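When you line the sequence shown up against the working numbering, it's residues 589 to 1095, in that order. The beta-carbon is built from N, C-alpha and C at its ideal position, and this holds for glycine as well. From a predicted model like this one, the values you see are computed outputs, not experimental measurements. Shown next, in structure tokens, is the structure this report addresses.
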Amino acid sequence: MKDSWPILVSGAQIIHHKSLKTRLDPLKLIIKSCEKAIESIDNEKIKNFIDTVYMININSWSYRDAPGELSKRLRINPSDKVYLSDGGNTPQMLVNRAAKAIYRGEKEAVLICGGEAAYSVYQSKKGSWKLDWNIEEEPEYMEGEIWHGINEFENKYKMIIPPYAYAVFESAVRKSKGVKPEEHREYLGKLFKRFAKVASKNPYAWTRKNYSIGEIISPNAQNRMVSYPYTKRMCANMFVDQSASIIITHERLAEELKIDKKHWVYLMGSADYHNVFEITRRPSLHRSPAAREGAVQALTQAGLKLADIDKFDLYSCFPSIVEIISEEIGLKEIEHRELTITGGLPYFGGPWSNYSLHGIATAIDLIQKNRSTKIMVVANGGYNNKQSFGIYGNNPPSEPWDEFDEKKAQSEILQNQLDKPIKRANGLMEILGYTIIFNRDGTPDKGIVIGKIDKNHHSMAFFEGNKSIFNQIKNIELIGNLYPVYYDSERKCNILKISNENFERKI
């Protein structure tokens, strides 16, 4: 089926800077990026063939029928309009879905779009300005439901707050490397300094400051501690006004519309997998079998090796997911190739579920300018839950999508799921991961731990302490140690007993 290979022919991005007086709602930003994507093709007839609109969930505002309103403004008449629920993996997942449908001859051209105006909304709530946008309305349709990615038990221990959950993962990642806590913080600064450098040169980035290591890891009034070891500048910045759009079609239609081949970008390989959804039922906090399997499949389909990839855009809401994905796909800790092509969620910006669409739009632009470039995009949803892969380049896939048994591979990923967590823990707990969460004034609040009760059951607990104890925790290894835990019936939560006397309690 030579003429059915899907190709990405256009990608566009919009940034609405904070300095601008007029504030545009998310749908207006999306319309602007879609118009820009269509214009870049130099043939408006593409609009006649867009039979599908995939719109990524908008978090910062709500519309009754956003895909429908977009279609009216663009003067397109898609037979299929889909508004997705949330998830950072969604942009790449939608590219993969569209490519498969186009390959099977089910669709002609697909417009994928998304955008946020979270900065404008946040500032309006602070009284900085008044928004004259249309009144919010509940969406009349949505594919899937808004998904929180954790269970009620984990939510009790604040794991629904992303910087807390990913900081717990970070401690497990660090332990797996055999590195001391403060030495690891220095490494995190070096890692994200590279991201900040890329963002500083990206005209679509929200924050274009080339931060030093010290500016990233040192807490102060402008860079408060959020959850050890993360400062604010290690965390995704969701308060941005950005949008992105891409158009996918196939070779035959591109030739018919005389779209120059220098604009053709192939999805050479792809994959969509998920890990065990519940954090407390995962065998390990620093692994992602979904990323490992996804990378193998995407590279196999592309007919490439990891060494053939020139650039990466790894999802980067927090350092731990960059490290986890890097380890699983086989990247070296000191990797010479760029791990981001945008600047990452803390510096480029994290427009909620739409971030990776900016990564894909950037990949399209880079490949259109340098045809030999091969780029891998890895999008992550939830709490290291769902990972979607895309490899982009100037050649079609080596193997079609129907060559892969994704159901079998997915089943194998989930086969090591643990039993449900122990909700009322009493006895000893082996620490698997932890963080200290901080108040906005920089003072420590409490600790959160995930631990092993026995080989099939994990649990969670809070731990408390004075300033001396929290300072010591930064320099003493908790992971792998046993500590007493009990269920506090008044507070209705598990409490880990940590004191100056039992820091060194070993297994």
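(request) Thinking Tyr691 and Ser598 are a contact (beta carbons under 8 angstroms), I'd like their distance in whole angstroms, please. (result) Between the beta-carbon of Tyr691 and that of Ser598 there is about 19 angstroms, and that puts the pair past the 8 angstroms contact cut.
(message) Rounded to whole angstroms, what is the Cα-Cα separation between Pro679 and Lys616?
(response) The alpha-carbon atoms of Pro679 and Lys616 are separated by roughly 19 angstroms.
(message) I'd like to check one pair, Ile1038 with Pro1032: are the Cβ atoms closer than 8 angstroms?
(response) no
(message) Suppose contacts are defined by Cβ-Cβ distances below 8 angstroms. Is Lys1062 in contact with Glu770 by that definition?
(response) In this structure, Glu770 lies closer than 8 angstroms to Lys1062 by Cβ.
(message) If I measure Cβ to Cβ from Leu1002 and keep anything under 7 angstroms in the same chain, skipping five residues before and after, which residues do I get?
(response) Excluding sequence neighbours, Leu1002 sits near Val864.
(request) Please classify Tyr729: is it buried, with 16 or more other beta-carbons within 10 angstroms of its beta-carbon, or exposed? (result) exposed
(message) So, for Asp829: in the same chain, excluding its five sequence neighbours on each side, which residues have a beta-carbon less than 6 angstroms away from its beta-carbon?
(response) Same-chain partners within the cutoff: His604, Ala705, Tyr707, Ser708.
(request) Compare the beta carbon distance of Leu699 and Pro907 with 8 angstroms and say whether it is the shorter of the two. (result) no
(request) Mark Lys765 as exposed unless 16 or more other C-beta atoms lie within 10 angstroms of its C-beta, in which case mark it buried. (result) In this structure Lys765 is exposed. Its beta-carbon is surrounded by fewer than 16 other beta-carbon atoms within 10 angstroms.
(request) Please classify Ile929: is it buried, with 16 or more other beta-carbons within 10 angstroms of its beta-carbon, or exposed? (result) buried
(request) Give me the Cα-Cα distance between Ser904 and Glu911, rounded to the nearest whole angstrom. (result) 9 angstroms
(message) Measuring only the C-alpha atoms, how far is Ser1087 from Gln1060?
(response) 10 angstroms
(request) Measure the Cβ-Cβ separation of Tyr861 and Ala967 and say whether it is below 8 angstroms. (result) no
(message) When you compare the CB positions of Ile602 and Ser944, do they come within less than 8 angstroms of one another, or not?
(response) no
(request) Assign Tyr799 to one of three DSSP states: helix, strand, or coil. (result) Coil, per DSSP.
(message) Applying the 10 Å Cβ sphere with the 16-neighbour rule, what's the burial state of Asn665?
(response) exposed
(message) Once DSSP output is grouped into helix, strand and coil, what is the label at Glu1018?
(response) strand
(request) Measure the Cβ-Cβ separation of Ala883 and Ile909 and say whether it is below 8 angstroms. (result) no
(message) Please identify the residue among Phe977, Asp613, Ala890, Glu991 whose C-alpha is closest to the C-alpha of Phe900.
(response) Distance check between Phe900 and each of Phe977, Asp613, Ala890, Glu991 places Phe977 closest, using alpha-carbon atoms only.
(request) List the DSSP bridge partners of Pro594. (result) Per DSSP, His838.
(request) Using a threshold of 8 angstroms, state whether the C-beta atoms of Ile619 and Leu658 are closer than that. (result) Between Ile619 and Leu658, the C-beta spacing is below 8 angstroms.
(message) If the criterion is Cβ atoms closer than 8 angstroms, does the pair Ile834 and Ile948 meet it?
(response) yes
(message) Helix, strand or coil for Ile1095? Go by DSSP, reduced to three states.
(response) Since pLDDT at Ile1095 reaches only 35, below the 50 mark, its modelled position is unreliable, and no value is offered.
(message) Tell me the residue span of the alpha helix (DSSP H) that contains Val761.
(response) 750-765
(request) Give a yes or no on whether the C-beta atoms belonging to Glu731 and Tyr671 are separated by under 8 angstroms. (result) yes
(request) Let me know the secondary structure DSSP gives Asp1007 once reduced to three states. (result) coil
(request) Pick out the complete alpha helix (DSSP H) segments inside the segment 926-956, 4 residues or longer, and give them in chain order. (result) none
(message) In the DSSP output, what is Ile1024 paired with across the bridge?
(response) In DSSP, Ile1024 forms a bridge with Gly1035.
(message) Measuring only the C-alpha atoms, how far is Ile1095 from Arg773?
(response) Caution is warranted here: a pLDDT of 35 is assigned to Ile1095, below 50, making its placement in the model unreliable, and the coordinate value is therefore given only provisionally. Between Ile1095 and Arg773, the C-alpha separation is close to 26 angstroms.
(message) If the criterion is Cβ atoms closer than 8 angstroms, does the pair Leu855 and Val683 meet it?
(response) yes
(request) Label Ile1036 either buried or exposed according to how many other C-beta atoms from any shown protein chain fall within 10 Å of its C-beta, with 16 as the threshold for buried. (result) buried
(request) Mind reading off the beta-carbon distance from Ile805 to Thr819? Whole number of angstroms is fine, and I expect it under 8 angstroms. (result) 6 angstroms
(message) Need the endpoints of the alpha helix (DSSP H) that Asn1059 sits in, please.
(response) Taken as a continuous stretch (DSSP letters only), the alpha helix (DSSP H) holding Asn1059 covers 1055-1061.
(request) Let me know if Thr610 comes out buried or exposed under the rule of 16 or more other beta-carbons within 10 Å of its beta-carbon. (result) exposed
(message) Quick check: the Cα distance between Met826 and Ala842, rounded to an integer number of angstroms?
(response) 36 angstroms
(request) Could you tell me whether the segment 776-793 touches the segment 919-938, using the rule of 3 or more Cβ pairs below 8 angstroms? (result) yes
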